[in-house]
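Undergrad: Let me give you the structure first, and then I'll get to my questions.
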Amino acid sequence: MATNILTLLRTIGRWTSRTIKTGLVLLTALLLTGSIYQHFAVKADLEKYPAPGQMVEVDGHPFHIDCTGSGPLTVILEGGAGASSLAWAWIQPEVAKSAKVCSYDRAGYSWSAPSELPMDAINTSRQLHSLLSAANLPGPYILVGHSIGGAYVRMFAANYSQDVAGLVLVDATNPSVLETYAEVDLPKVEDWTPPTVQVFPYLASVGAMRAVLGLGLFNLAAGLPADTEATANAFLSQTDYLKTVVWEYRFLPDTLKQIRSLKPLNDLPVAIIVAGQFTGLDAETAAKFINWHQKQQRNWLDLSKNSSLRTIEEADHISLMTNHRHAHEVAKTIIEMVKNEGLKRMRSTTLLIKSYSF
Numbered sequence: 001m002a003t004n005i006l007t008l009l010r011t012i013g014r015w016t017s018r019t020i021k022t023g024l025v026l027l028t029a030l031l032l033t034g035s036i037y038q039h040f041a042v043k044a045d046l047e048k049y050p051a052p053g054q055m056v057e058v059d060g061h062p063f064h065i066d067c068t069g070s071g072p073l074t075v076i077l078e079g080g081a082g083a084s085s086l087a088w089a090w091i092q093p094e095v096a097k098s099a100k101v102c103s104y105d106r107a108g109y110s111w112s113a114p115s116e117l118p119m120d121a122i123n124t125s126r127q128l129h130s131l132l133s134a135a136n137l138p139g140p141y142i143l144v145g146h147s148i149g150g151a152y153v154r155m156f157a158a159n160y161s162q163d164v165a166g167l168v169l170v171d172a173t174n175p176s177v178l179e180t181y182a183e184v185d186l187p188k189v190e191d192w193t194p195p196t197v198q199v200f201p202y203l204a205s206v207g208a209m210r211a212v213l214g215l216g217l218f219n220l221a222a223g224l225p226a227d228t229e230a231t232a233n234a235f236l237s238q239t240d241y242l243k244t245v246v247w248e249y250r251f252l253p254d255t256l257k258q259i260r261s262l263k264p265l266n267d268l269p270v271a272i273i274v275a276g277q278f279t280g281l282d283a284e285t286a287a288k289f290i291n292w293h294q295k296q297q298r299n300w301l302d303l304s305k306n307s308s309l310r311t312i313e314e315a316d317h318i319s320l321m322t323n324h325r326h327a328h329e330v331a332k333t334i335i336e337m338v339k340n341e342g343l344k345r346m347r348s349t350t351l352l353i354k355s356y357s358f
């Protein structure tokens with residue numbers, strides 16, 4: 001009896017060992033196949049979706065910047081965490097009817113090469129300034145920042161104030177969240193990187209991220225024009241892009257601490273746009289978040305003596321960019337500042353000419 005049991009256990013052990021070995025071989029083959037597929041898929045994506053703008057070298061790396069329209073003022077668009085120039089697909093064409101407007105890709109996003117530098121407000125604003133200089137795009141600029149992009153343009157305005165004509169902060173992340181996160185039971189800012197996002201680069205490296213997007217998951221570009229959505233999803237399937245998302249979130253606390261200590265901007269025009277909705281939450285939790293969020297956004301009013309705040313009641317944080325109607329309202333605010341600042345400069349020029357005439 002004991003001998004039979006021992007023989008059975010040995011048989012099961014051998015079978016289990018073979019099964020594990022076979023499984024490991026199959027898994028290795030699957031991962032290798034996925035990696036090879038991903039390599040060629042990325043090459044195909046870059047051929048299918050060429051950069052619409054120009055490539056400019058900054059810090060030894062190529063950066064992509066796309067400018068459209070014309071006018072005496074240049075509008076610079078700075079996206080939120082994980083967002084590229086494609087996020088402005090609804091807004092840029094509208095603003096281009098009234099001004100020169102440029103969207104660009106931070107290091108590691110879409111057509112811009114990755115960088116080993118910390119992705120904080122200091123480095124990001126410096127790289128943007130270098131990019132504008134290298135691309136021969138002089139100021140004055142109206143800087144527009146969505147989400148954490150608002151922190152980047154805030155730093156730019158502090159360091160290069162002579163080049164800045166105004167700021168538009170689109171539901172921008174205010175540094176006060178460093179202290180107030182617990183009011184709505186959020187984790188501390190250092191822990192804001194979603195665990196799923198940390199896994200995405202590994203999924204992308206073996207082509208699995210394409211399947212995730214194919215199922216309609218993590219489609220951050222949903223709602224943008226169809227061609228833009230397809231292009232954005234091609235990049236969201238790439239390892240370097242997703243590594244950059246994780247890298248940027250890593251420096252989010254540093255960015256907020258850096259801008260927290262900056263001095264106000266005197267009477268620089270500052271327009272603050274706030275989303276009025278939080279989606280995906282029950283009514284009670286959403287109301288709590290909205291009240292907290294509105295309070296954080298009102299803190300931006302202290303940035304300048306010439307600041308204003310507007311809430312787009314039906315919009316949420318993402319739909320300000322991806323919903324055509326909500327994006328149109330954002331574009332209207334940008335265009336209004338362009339026209340106001342342009343008119344001021346025309347009057348100043350006229351007065352200057354008159355003062356020198358006889």
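Take 1 as the starting number for the sequence shown in the UniProt record's numbering and just add one per residue.
Built from N, CA and C at the ideal position, the CB exists for glycine as well.
#1: Using only alpha-carbon positions, find the residue among Ala157, Tyr152 and Asn159 that is nearest to Asn174.
#2: State yes or no: is the C-beta of Leu320 nearer than 6 Å to some heavy atom of the ligand MG?
#3: Bridge partners of Val58, per DSSP?
#4: Looking only at DSSP bridge pairs, what is residue 359 linked to?
#5: With DSSP collapsed to three states, give me the class of Ile290.
#6: For residue 360, does the count of other Cβ atoms within 10 angstroms reach 16, so buried, or fall short, so exposed?
#7: Along the chain, where does the beta strand (DSSP E) that runs through Asn77 open and close?
#8: Is the beta carbon of residue 362 sitting closer than 7 Å to the one on His61?
#9: Starting from Arg310, follow the alpha helix (DSSP H) in both directions and report where the run begins and ends.
#10: Helix, strand or coil for Ser115? Go by DSSP, reduced to three states.
#11: Taking the Cβ atom as the reference point for each residue, do Val338 and Leu73 lie within a distance shorter than 7 Å?
#12: Which residue wins for smallest C-alpha separation from Glu190, given the options Phe251, Phe235, Ala287 and Ser176?
#13: Decide if the region 263-277 is in contact with the region 156-174; the criterion is three or more beta carbon pairs, one per stretch, under 8 Å apart.
#14: Tell me the start and end of each unbroken beta strand (DSSP E) in the region 245-297 that is at least 3 residues and wholly inside, in chain order.
#15: Identify the continuous beta strand (DSSP E) that holds Ser110 and give its terminal residues.
#16: Whose C-alpha, out of Val206, Ser237, Tyr202 and Leu203, is nearest the C-alpha of Asn219?
#17: Tell me, please, whether the region 75-90 touches the region 240-248 by the rule of three or more beta-carbon pairs shorter than 8 Å.
#18: For Val134, I'd like the list of residues in its chain whose CB is within less than 7 Å of its CB, leaving aside the five on either flank, ordered along the chain.
#19: Buried or exposed: Gly34, going by 16 or more other Cβ atoms within 10 Å of its Cβ?
#20: Shortest alpha-carbon distance to Ala121 belongs to which of Asp171, Arg154 and Cys102?
#21: According to the neighbour-count rule (16 or more other Cβ atoms, all chains shown, within 10 Å of its Cβ), is Thr285 buried or exposed?
#22: Apart from the five residues on each side of it in sequence, which residues of its chain come closer than 6 Å, Cβ to Cβ, to Arg260?
#23: Could you give the residue range of the beta strand (DSSP E) that holds Tyr104?
#24: Bridge partners for Asp66 per DSSP, in chain order?
TA: Taking the geometry as given:
#1: Position 174 of the sequence shown, counted from the first residue, corresponds to residue 174. Relative to Asn174, the option among Ala157, Tyr152 and Asn159 whose CA is nearest is Tyr152.
#2: Annotation note on the ligand MG: not contained in the displayed structure, which lists no ligands.
#3: Residue mapping note: residue 58 aligns to position 58 of the sequence shown, counting from 1. For Val58, which the question treats as bridged, DSSP gives the partners His61.
#4: Here the chain has residues from 1 to 358 only, and residue 359 is not among them.
#5: Translated into positions along the sequence shown, residue 290 becomes position 290. Note: Ile290 maps to helix in three-state DSSP.
#6: The structure shown does not extend to residue 360, since the chain spans only 1 to 358, so no value can be given for it.
#7: Taking the sequence shown and counting its residues from 1, the one referred to as residue 77 is at position 77. Looking at the sequence shown, residue 77 is not Asn but Leu. Run containing Leu77: Thr74 to Glu78, per the beta strand (DSSP E) assignment.
#8: What is shown of the chain runs 1 to 358, which leaves residue 362 out entirely.
#9: Start at 1 with the first residue of the sequence shown, and residue 310 comes out as number 310. Looking at the DSSP string, Arg310 is not in any alpha helix (DSSP H); the run it does join, the beta strand (DSSP E), is Ser307 to Ile312.
#10: By 1-based counting over the sequence shown, the position of residue 115 is 115. Three-state result, Ser115: coil.
#11: Start at 1 with the first residue of the sequence shown, and residue 338 comes out as number 338. Start at 1 with the first residue of the sequence shown, and residue 73 comes out as number 73. Inclusion of Val338 and Leu73 in the CB contact set at 7 Å is warranted, their separation being smaller than that value.
#12: Residue numbering aside, residue 190 sits at position 190 when the sequence shown is read from its first letter. Selection Phe251, Phe235, Ala287 and Ser176 evaluated against Glu190 yields Phe251 as nearest (Cα-Cα).
#13: Contact between the region 263-277 and the region 156-174 is present, because at least three Cβ pairs lie under 8 Å.
#14: 270-275
#15: One-based indexing of the sequence shown puts residue 110 at position 110. Segment: none, Ser110 is in no beta strand (DSSP E) and carries neither H nor E.
#16: As a first step, residue 219 is located in the sequence shown; it is residue number 219 there, counting from the start. Comparing Cα-Cα distances from Asn219 to each of Val206, Ser237, Tyr202 and Leu203, the minimum goes to Ser237.
#17: yes
#18: Reading the sequence shown from its first residue, position 134 is the one you call residue 134. The question names Val, but residue 134 is Ala in the sequence shown. Val56, Glu57 and Val58, listed in sequence order.
#19: Translated into the one-based positions of the sequence shown, residue 34 becomes position 34. Confidence at Gly34 is low in this model, with a pLDDT of 49, below 50, so its placement is unreliable and the value that follows should be read with caution. Counting Cβ neighbours within 10 Å, Gly34 comes out buried, since at least 16 surround it.
#20: Looking up residue 121 in the sequence shown gives position 121. It is Arg154 whose Cα lies nearest to the Cα of Ala121.
#21: Taking the first residue of the sequence shown as position 1, residue 285 is located at position 285. Answer is exposed; the Cβ neighbour count stays below 16.
#22: As a first step, residue 260 is located in the sequence shown; it is residue number 260 there, counting from the start. Pro175, listed in sequence order.
#23: The sequence position of residue 104 within the sequence shown is 104, counting from 1. Looking at the DSSP string, the run of the beta strand (DSSP E) that includes Tyr104 is Lys100 to Tyr104.
#24: For the purposes of this step, residue 66 is taken as the residue at position 66 of the sequence shown. According to DSSP, Asp66 bridges with Ser103.
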